[in-house]
Amino acid sequence: MEKTKHNFYNLTLSELESVVAEYGHKAFRARQLFQWIYAHKVTDLDKMTNLSKDFKQDIPNIFNFEMPDLLTEKVSTDGTRKYLFSVGPGLSFETVMIPAGDRNTLCVSSEVGCNMACKFCFTAKQKLKKRLTASEIVGQFIKVQNMLPKDIQLTNIVFMGMGEPLDNPEGVFSSIKILTSELGVNLSRKKITVSTSGLVDKIPLVTESGARLAVSLNGADNQTRDRVMPINKKWNIEALLQACLDYTNATKDKVTFEYVLLKDVTDRPEDAKKLIQLARKIPCKINIIPFNEHPNSGFERPSESSIDRFQKVLMNNNIHVLRRKTMGRDIYAACGQLNSVYKNNESTQTRAN
Ligand code: SF4
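In structure tokens:
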């Protein structure tokens with residue numbers, strides 16, 4: 003019986019070595035192939051000069067090289083690029099590239115849809131349809147890098163696109179291993195951030211992976227957080243903070259708390275006070291994100307003056323706080339706006355691939 007082919011982009015280097023060994027080839031052949039594809043960006047087998055004839059002939063029997071299909075690319079006036087990918091009928095998702103000086107961050111999706119039901123989130127309108135495999139996550143990186151002009155190199159990855167990354171640990175942590183392998187893309191683990199809505203029991207996996215941890219906090223007490231983040235009913239703020247403290251103790255890194263400012267829900271003076279108390283307990287920085295409105299969300303963006311006031315109160319109390327600049331708002335690529343419903347009436351460049 004014919005063996006099923008392995009998707010090359012699903013495999014970490016050690017898995018690749020085991021697979022080629024199963025087919026009777028030496029482990030170093032796996033390393034050579036891995037280097038050609040990820041480090042030298044060569045996919046044409048004829049150009050892989052150091053591979054043996056036997057191994058080259060066998061490669062198409064062992065592997066397929068499938069990645070998600072790129073459907074569209076949109077470029078915002080601020081340089082943000084949004085990509086719509088598909089992994090099958092009805093299974094599309096988005097990836098966003100955010101330029102900022104020397105840093106080009108790729109915001110990747112880990113799932114199609116999401117079950118976490120965070121109340122402010124546009125993605126949450128689509129229930130979970132699929133957890134993306136490592137190849138579907140690695141594929142976002144490779145395809146976007148190949149599409150970008152030669153002088154733009156991706157430098158950072160944030161798992162803040164569609165989906166809850168810790169609801170898909172297999173795909174997410176395999177893709178991190180693949181993209182950080184020294185023989186391949188060789189991205190620093192510290193340039194990868196995994197953001198969770200608060201799946202407390204999976205936070206130790208982030209610690210183990212060496213990636214940075216971000217937590218979508220969006221409420222500084224249990225009552226507010228219960229309202230905005232349903233996951234809080236399973237793991238409350240106290241449990242979440244303990245897991246964050248375990249992370250900071252083990253890694254000596256700070257945790258980043260993402261805090262969406264929702265008018266009259268999370269932007270009140272008492273919210274700022276509670277957030278300050280919370281931030282004093284744990285090495286952290288806080289990213290405040292003014293809500294990006296989308297149809298039927300039921301929430302409003304606070305006024306500029308109240309956003310400023312909130313930020314100043316935190317700063318005056320020596321809390322490390324940053325206001326996240328809104329990027330790609332004109333193409334619905336801003337935080338909390340991702341959804342795979344394709345809109346063609348936006349004033350942006352659109353490129354079908
Ligand atoms: S904010 Fe993240 S975890 Fe929450 S529903 Fe949206 S995609 Fe899911």
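With the working numbering, the residue at position 147 of the sequence shown is 149, and numbering never jumps.
By construction, the Cβ of each residue, glycine as well, lies at the ideal position given by its N, Cα and C atoms.
Worksheet item: First and last residue of the alpha helix (DSSP H) that includes Ala357?
Response: No answer is possible for residue 357: it lies beyond the span of the chain, which begins at 3 and ends at 355.
Practice prompt. Give the DSSP bridge partners of Ala213, in chain order.
Written response: Position 211 of the sequence shown, counted from the start, is the residue given in the question as residue 213. In the DSSP output, where bridge partners are listed per residue, Ala213 has none listed.
Item to complete: Take Trp356 and list the residues in its own chain whose beta-carbon comes closer than 7 Å to its own, dropping the five residues that flank it on each side.
Response: Only positions 3 to 355 of the chain appear in this structure, which leaves residue 356 out of reach.
Fill in: Leu143 classed as buried or exposed, judged by whether at least 16 other C-beta atoms fall within 10 angstroms
Against the sequence shown, residue 143 aligns to sequence position 141. Residue 143 is actually Phe in this sequence, not Leu. Per the 10 Å Cβ criterion, buried.
Worksheet entry | Met231, DSSP secondary structure in three states | Along the sequence shown, one-based indexing puts residue 231 at 229. Coil at Met231, not helix or strand.
Worksheet item: So is the beta-carbon of Thr125 under 7 Å away from any non-hydrogen atom of ligand 1?
Response: Here residue 125 corresponds to residue number 123 of the sequence shown, with the count starting at 1. It does: the Cβ of Thr125 is within 7 Å (strictly closer) of some heavy atom of ligand 1.
Fill in: Inter-stretch contact at 8 Å, needing at least 3 Cβ pairs: the segment 82-102 / the segment 35-55
no
Worksheet item: What number of angstroms, rounded off, separates the C-alpha of Glu172 from the C-alpha of Val267?
Response: Position 170 of the sequence shown, counting from 1, holds the residue named residue 172. Position 265 of the sequence shown, counting from 1, holds the residue named residue 267. Computed Cα separation, rounded: 35 Å.
Worksheet item: Looking at the structure shown, is Leu247 part of a helix, part of a strand, or coil, going by DSSP?
Response: Translated into positions along the sequence shown, residue 247 becomes position 245. Three-state DSSP puts Leu247 in a helix.
Worksheet item: Can you name the start and end residues of the alpha helix (DSSP H) that Ser137 belongs to?
Response: To locate residue 137, count along the sequence shown from 1; it is residue 135. Note, Ser137: alpha helix (DSSP H), Ala136 to Met149.
Discussion item. Quick check on Phe65: does DSSP put it in helix, strand or coil?
Written reply: Along the sequence shown, read from residue 1 onward, the residue named residue 65 stands at position 63. Phe65 carries a strand assignment under DSSP once its states are collapsed to helix, strand and coil.
Worksheet item: Can you give the Cα-Cα distance for Leu185 and Ala41, rounded to whole angstroms?
Response: As a first step, residue 185 is located in the sequence shown; it is residue number 183 there, counting from the start. As a first step, residue 41 is located in the sequence shown; it is residue number 39 there, counting from the start. If you take the alpha carbons of Leu185 and Ala41, they lie about 7 Å apart.
Worksheet item: Would DSSP call Ser1 helix, strand or coil?
Response: This structure cannot speak to residue 1, because the chain is shown only from 3 to 355.
Practice prompt. Return yes when the Cβ of Ile178 is within less than 8 Å of the Cβ of Ser137, no when it is not.
Written response: For the purposes of this step, residue 137 is identified with residue 135 of the sequence shown, where counting begins at 1. For the purposes of this step, residue 178 is identified with residue 176 of the sequence shown, where counting begins at 1. No, they are not a contact pair.
Item to complete: Can you grab the Cα-Cα spacing for the pair Ala216 / Leu181, in whole Å?
Response: Taking the first residue of the sequence shown as position 1, residue 216 is located at position 214. Taking the first residue of the sequence shown as position 1, residue 181 is located at position 179. About 19 Å.
Worksheet item: Sorted by chain position, which residues of the same chain lie with C-beta nearer than 7 Å to Asp269's C-beta, five sequence neighbours on each side aside?
Response: Counting from 1 along the sequence shown, the entry for residue 269 is found at position 267. If we look at Asp269 and ignore the five residues flanking it on each side, its Cβ neighbours are Leu263, Pro304, Ser308 and Phe312.
Worksheet item: Do Cys120 and ligand 1 come close, with the Cβ less than 7 Å from some heavy atom?
Response: On the sequence shown, position 118 is the one that residue 120 refers to. At least one heavy atom of ligand 1 sits closer than 7 Å to the Cβ of Cys120.
Discussion item. Using a Cβ distance threshold of 8 Å, determine whether the segment 68-76 contacts the segment 112-131, with at least three qualifying pairs required.
Written reply: no
Item to complete: Write down the C-beta distance between Leu277 and Ala222 rounded to the nearest angstrom, noting that I regard them as a contact closer than 8 Å.
Response: Working through the sequence shown from its first residue, we reach residue 277 at position 275. Working through the sequence shown from its first residue, we reach residue 222 at position 220. Going by Cβ atoms, the distance from Leu277 to Ala222 rounds to 4 Å, so yes, they are a contact pair.
Practice prompt. Please report how far the alpha carbon of Gln351 lies from the alpha carbon of Tyr25, in whole angstroms.
Written response: Here residue 351 refers to the residue found at position 349 when the sequence shown is read from its first residue. Here residue 25 refers to the residue found at position 23 when the sequence shown is read from its first residue. Confidence at Gln351 is low in this model, with a pLDDT of 31, below 50, so the placement of that residue is unreliable and no value is reported for it.
Worksheet item: Are the Cβ atoms of Met162 and Ser197 separated by less than 8 Å?
Response: Along the sequence shown, one-based indexing puts residue 162 at 160. Along the sequence shown, one-based indexing puts residue 197 at 195. The answer is yes: Cβ separation under 8 Å.
Worksheet item: Taking just the CA atoms, how far does Asn9 sit from Val21?
Response: Position 19 of the sequence shown, counted from the first residue, corresponds to residue 21. Position 7 of the sequence shown, counted from the first residue, corresponds to residue 9. Straight-line Cα distance between these residues: approximately 11 Å.
Worksheet item: Ser299: beta carbon under 7 Å from a heavy atom of ligand 1?
Response: Counted from its first residue, the sequence shown places residue 299 at position 297. No; taking the cut-off as 7 Å, the Cβ of Ser299 has no heavy atom of ligand 1 nearer than that.
Practice prompt. Quickly, what does DSSP pair Leu360 with across the bridge? List them, please.
Written response: Here the chain comprises residues numbered 3 to 355, so residue 360 is not present and cannot be evaluated.
Worksheet item: Do you know offhand how far Asp48's Cα is from Phe67's?
Response: The count along the sequence shown starts at 1 and reaches residue 48 at position 46. The count along the sequence shown starts at 1 and reaches residue 67 at position 65. For Asp48 and Phe67, the distance between alpha carbons rounds to 16 Å.
Practice prompt. Examine ligand 1 and report whether any of its heavy atoms sits within less than 7 Å of the Cβ of Glu24.
Written response: What you label residue 24 is simply residue 22 of the sequence shown in a count that begins at 1. False, no ligand heavy atom lies under 7 Å from that Cβ.
Discussion item. Rounded to the nearest angstrom, what separates Lys193 and Asn158 at their Cα positions?
Written reply: If you number the sequence shown from 1, residue 193 lands on position 191. If you number the sequence shown from 1, residue 158 lands on position 156. Answer to the nearest angstrom: the Cα atoms are 5 Å apart.
Item to complete: Please specify which runs of the beta strand (DSSP E), each continuous and at least 3 residues long, are wholly inside the segment 162-214, giving them in chain order.
Response: 194-198
Worksheet item: Thinking C-alpha only, which one of Thr258, Gly300, Asp273 and Asn294 is nearest Ile284?
Response: Along the sequence shown, one-based indexing puts residue 284 at 282. Residue Thr258 is the option with its Cα nearest to Ile284.
Item to complete: For Glu166, verify whether its CB is less than 7 Å away from any heavy atom of ligand 1.
Response: As a position in the sequence shown, residue 166 is number 164, starting the count at 1. Checking the Cβ of Glu166 against ligand 1 gives yes.
Worksheet item: Quick one: does the C-beta of Cys109 sit closer than 7 Å to a heavy atom of ligand 1?
Response: Start at 1 with the first residue of the sequence shown, and residue 109 comes out as number 107. Result no, Cβ not under 7 Å from ligand 1.
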